[in-house]
Structures are given as C-alpha cells and as structure tokens.
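Notes follow once the structure below has been shown.
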Amino acid sequence: MTFYDQSKIETLISQETLQSRINALGAQITQDYLGQGDVVLVCVLKGSYLFLADLSRAIDLPLTVDFISVSSYGNDYESSGVVRMVHDLSHSIENKHVLIVEDIIDTGLTMSYLLANLQTRKPKSLKVVSLLHKPSKAKTHVQIDYLGFEIPDRFVIGYGLDFHNQFRNMPYIGVNLSGDIPLNPAYLSTKTEPSQV
Ligand code: IMP
Ligand code: MG
Numbered sequence: 060m061t062f063y064d065q066s067k068i069e070t071l072i073s074q075e076t077l078q079s080r081i082n083a084l085g086a087q088i089t090q091d092y093l094g095q096g097d098v099v100l101v102c103v104l105k106g107s108y109l110f111l112a113d114l115s116r117a118i119d120l121p122l123t124v125d126f127i128s129v130s131s132y133g134n135d136y137e138s139s140g141v142v143r144m145v146h147d148l149s150h151s152i153e154n155k156h157v158l159i160v161e162d163i164i165d166t167g168l169t170m171s172y173l174l175a176n177l178q179t180r181k182p183k184s185l186k187v188v189s190l191l192h193k194p195s196k197a198k199t200h201v202q203i204d205y206l207g208f209e210i211p212d213r214f215v216i217g218y219g220l221d222f223h224n225q226f227r228n229m230p231y232i233g234v235n236l237s238g239d240i241p242l243n244p245a246y247l248s249t250k251t252e253p254s255q256v
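The structure is reproduced here in structure tokens:
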C-alpha cells in the first residue's frame, strides 16, 4: 500500500525509465563539460530536488551545487508568469559554467525569468537541463539544452512535482485521474483533537 491512491494515478514515466534517461543525460553532460572549468548546477526549488539528486550523481565531473527558489503566482495548475525570487543563490556564478536544473518547462515564463536574471551575473556559460517539457503550452521560447522527456499537456505529479505541495515523494511521474487529491484514505489522519473543556 502507498500514501497515494495508485488506482487514481496513471503512470506516465516509471522509475526505471526516469533513471535510465537521467543516466544518459548525465553521461552527455559529462562529455560536454569535461575539462571546461568550474561547473555549477543550479537547482530550481522545490520541484527539482530529486532530479538534481539523481542527475548530479550521474555526472562524472567535479562540480558544485547551489539552490534558487522562485514562485510564480497562478492557480493550482498554471503559472501566471509573474515570478518572484524567494531564495537566491548563495554564491557568485561569475565566470562559471552554469547549468540550471529544472523539473518542468510549461509556459516557459519561469525559465525566461531565470535565464535573464542569471545572465546579468556574468557566467562563463548558461545552459538549461529540464526533466520534462510540455511543448504545447509554450508562451515564450526557451532553449532547452538537455531534455529528459517531452510530455503531453497534462498536469503531472511525483518525482519532485507537486499537487497542493504534496506527492513530491511519489517515486515516479504520474497523472492524477481523480479530479481531486489522490490520497489513500487509509493514510489520512485519524487523530481526533482533544476536546475543549
Ligand atoms: P512555467 O513558468 O509555466 O514554465 O512553469 C514552470 C513551473 O510550473 C514548474 O517549475 C512547476 O513548478 C509548475 N508546473 C508546470 N506544470 C506542472 C505540472 O504538470 N505539474 C506540477 N507542476 C507544474
Ligand atoms: Mg520547477
């Protein structure tokens, strides 16, 4: 049994498929950056934390990791494109090879903001690796230098991607079929609050 209700979630990308594609991306990145100098992986929180963990271990190079967090206003399913910096990088990226690690590029608005922002800090190079891309939703063109998977225009959860801030720890990418929050009722809290006296 799992905390998510598997009968309400269609598997889009299995754990095995994720791992083998991420290993291939890691090998490609290793080849491209070998002998080039300082490499920094910039993880876009929160959605990319698992992708960063697996991708960084698939890259056979000395590198550093840093974290950035942005939030875009919008509804449950879609970002508005109005992006706000929540947590900035902790180190300078000047003269470094920067690779932005993103979970998904949907409208492209978040990534456009990040690229414009980081470019002003004079990195030696600035590239993008995204696990997922929904090409049909693009509102602005962003170049994705390394891409895991192109997916159809469906809202996905798992492997870092959330719905109501949950399901990030579901180990594969799935589509919620329920129209509601696909939690397993057996895992819902049964604790009752102590009654007021
Ligand atoms: P964009 O600015 O529209 O490209 O949106 C990028 C951000 O929206 C991602 O980093 C995600 O946090 C969120 N997002 C877009 N599509 C999905 C999805 O299908 N599932 C979960 N989050 C999504
Ligand atoms: Mg993201």
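Numbered by our numbering, the letters in the sequence shown go through residues 60 to 256 in order. C-beta: ideal position from N, C-alpha, C; glycine also. Because the structure is a prediction, the values reported are computed rather than measured.
Beta-carbon proximity list for SER184, same chain, < 6 Å, skipping 5 on both sides
Locating residue 184 in the sequence shown gives position 125, counting from the first residue. Here the set comprises HIS156.
Return the chain-ordered list of same chain residues with a C-beta closer than 6 Å to the C-beta of MET229, the five sequence neighbours on each side being excluded.
As a working note, residue 229 is residue 170 in the sequence shown. Leaving aside the five residues that flank MET229 on each side, the residues in its chain whose CB is nearer than 6 Å to its CB run, in chain order, TYR63 and GLY217.
Does the beta-carbon of VAL124 have 16 or more other beta-carbons within 10 angstroms, so that it is buried, or is it exposed?
Counting from one through the sequence shown, the residue named residue 124 turns up at place 65. With fewer than 16 Cβ atoms within 10 Å of its Cβ, VAL124 is classed as exposed.
Which residue's Cα is closest to the Cα of GLN99: ALA86, ILE118 and ILE81?
As a first step, residue 99 is located in the sequence shown; it is residue number 40 there, counting from the start. Reading off the sequence shown, one finds Val at residue 99, where the question assumed Gln. Ranking the options by Cα distance to VAL99, first place goes to ILE118.
Of the residues ASP165, ILE240, LEU122 and PRO194, the one placed nearest ASN224, counting alpha carbons only
Start at 1 with the first residue of the sequence shown, and residue 224 comes out as number 165. In terms of Cα proximity to ASN224, the closest of ASP165, ILE240, LEU122 and PRO194 is ILE240.
DSSP state of GLY85 mapped onto helix, strand, coil:
In the sequence shown, the residue the question calls residue 85 occupies position 26. Note: GLY85 maps to helix in three-state DSSP.
Same chain, Cβ closer than 7 Å to ARG143, five either side skipped, listed in chain order
Counted from its first residue, the sequence shown places residue 143 at position 84. The beta carbon of ARG143 sits closer than 7 Å to the beta carbons of VAL129 and SER130 from its chain, once the five residues preceding and following it are set aside; these are given in chain order.
Kindly indicate which residue of LEU173, GLY233, LEU77 and ARG116 has the alpha-carbon position closest to the one of ILE127.
Residue 127 sits at position 68 when you count from the first residue of the sequence shown. The candidate whose alpha carbon is nearest that of ILE127 is LEU173.
Cβ-heavy atom distance, THR76 to the ligand IMP, below 7 Å:
If you number the sequence shown from 1, residue 76 lands on position 17. Flag unset: Cβ of THR76 not near the ligand IMP.
If I'm right that VAL188 touches VAL215 with Cβ under 8 Å, what's the distance once you round it to whole angstroms?
Within the sequence shown, numbered from 1, the residue matching residue 188 stands at position 129. Within the sequence shown, numbered from 1, the residue matching residue 215 stands at position 156. Going by Cβ atoms, the distance from VAL188 to VAL215 rounds to 18 Å, so no, they are not a contact pair.
Burial state of THR166, where buried means 16 or more other Cβ atoms lie within 10 Å:
Counted from its first residue, the sequence shown places residue 166 at position 107. Buried, by the Cβ-count rule.
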